[in-house]
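A.B. asks: Please read through the structure below; I'll follow up with questions.
Residue numbers (the working numbering): -13 to 52.
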């Protein structure tokens, strides 16, 4: 996360770096509440899910899904 912020800061400045990191953290929270919305990526590793956000892909696994 630190490297994402630093790269964004160097390319587009502090405001954009802060906005983008906040966007990513908001997406993490949203995915924690909607974990099955991501694409299942068993081709990468069993149990992996993926969701695109901005210029990145968020990979995650499920725990305690109700």
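Note that CB positions come from ideal geometry on N, CA and C, so glycine has one too.
(1) List the endpoints of the continuous alpha helix (DSSP H) containing residue 43.
(2) Can you tell me which of -3, 40, 30 and 28 puts its alpha carbon nearest to the alpha carbon of residue 12?
(3) Apart from the five residues on each side of it in sequence, which residues of its chain come closer than 8 Å, Cβ to Cβ, to residue 45?
(4) Give every residue of the same chain whose Cβ lies closer than 6 Å to the Cβ of residue 25, excluding the five residues on either side of it in the sequence, and list them in chain order.
(5) Counting only the same chain and skipping the five closest in sequence on each side, list residues whose C-beta sits under 8 Å from that of residue 58.
(6) For residue -10 and residue 17, which I take to be in contact (beta-carbon distance under 8 Å), what is that distance rounded to the nearest angstrom?
(7) What's the C-alpha gap between residue 38 and residue -1?
C.D. replies: Per the coordinate set shown:
(1) Run containing residue 43: none in the alpha helix (DSSP H); it sits in the beta strand (DSSP E), 42 to 47.
(2) 40
(3) 27, 30, 34, 35 and 36
(4) 36
(5) Absent from the model: residue 58. The displayed extent of the chain is -13 to 52, so no value can be given.
(6) Actually they do not touch by this definition, with Cβ atoms about 17 Å apart.
(7) 23 Å
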